[in-house]
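Trainee: So that we are looking at the same thing, I have put the structure below in structure tokens.
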Amino acid sequence: MMEIPIGSFNAFSNAKNLAQLFHEIFVQSSKDKPNLFSKATIKWLLTPLRTEQPLMDYDPVLDRSIRFTLAGLQIFTSQRDTHMYGFWDDLLGQFVISDPELNLTVAYTTNHAHCGSRPNIATNAYLSKLYELTQSPF
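Note that the sequence shown ends on residue 138 in the UniProt record's numbering; no numbers are left out.
This is the structure we're talking about:
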């Protein structure tokens, strides 16, 4: 169950709950088990908005190209060349991404806004390390 406090306009209270929600939607839905959403809804959530060139849309606020799904989720390519889906705003330093192929979901929330339009170096390093760990035997 996801905790939704009254004071949270983003509808989540912490990174753990946000990661659990996205993991349930995007990672568990790819398994052969019951899900909160129908297969048609999951397909719609993951279908790219553009299938012809240009695949990306330009975001003048972030000053970079971004690829979206029909539902408005961002599509990223990981360093392992897999697709990740979610939100990564760069302006507020918050993100949630799911990589269904690698069974990985990561969320980070903060009350600190770094207010830059360029990708956050710390966030990039964090994700790179996570993907590096997925290649290592545990």
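Every residue, glycine too, gets a C-beta built ideally from N, C-alpha and C.
Note that the structure is a prediction, hence the values are computed from the model and not measured.
Could you pull the DSSP bridge partners for V106 from this structure?
Mentor: Bridge partners of V106: I97.
Trainee: What is the residue span of the alpha helix (DSSP H) that I42 lies within?
Mentor: 39-46
Trainee: With 16 other CB atoms within 10 Å as the buried threshold, where does W88 fall?
Mentor: With 16 or more other Cβ atoms inside 10 Å of its own Cβ, W88 counts as buried.
Trainee: On the DSSP letters alone, give me the boundaries of the beta strand (DSSP E) that Q53 sits inside.
Mentor: Careful: Q53 lies outside any beta strand (DSSP E) and carries neither H nor E.
Trainee: By the DSSP assignment, the alpha helix (DSSP H) with Q20 in it spans what residues?
Mentor: 15-22
Trainee: Does DSSP classify Q79 as helix, strand or coil?
Mentor: coil
Trainee: Between which two residues does the beta strand (DSSP E) harbouring D63 extend?
Mentor: No beta strand (DSSP E) contains D63, which DSSP labels as neither H nor E.
Trainee: Strictly by DSSP, which residues pair up with T134?
Mentor: Beta-bridge pairing links T134 to no other residue.
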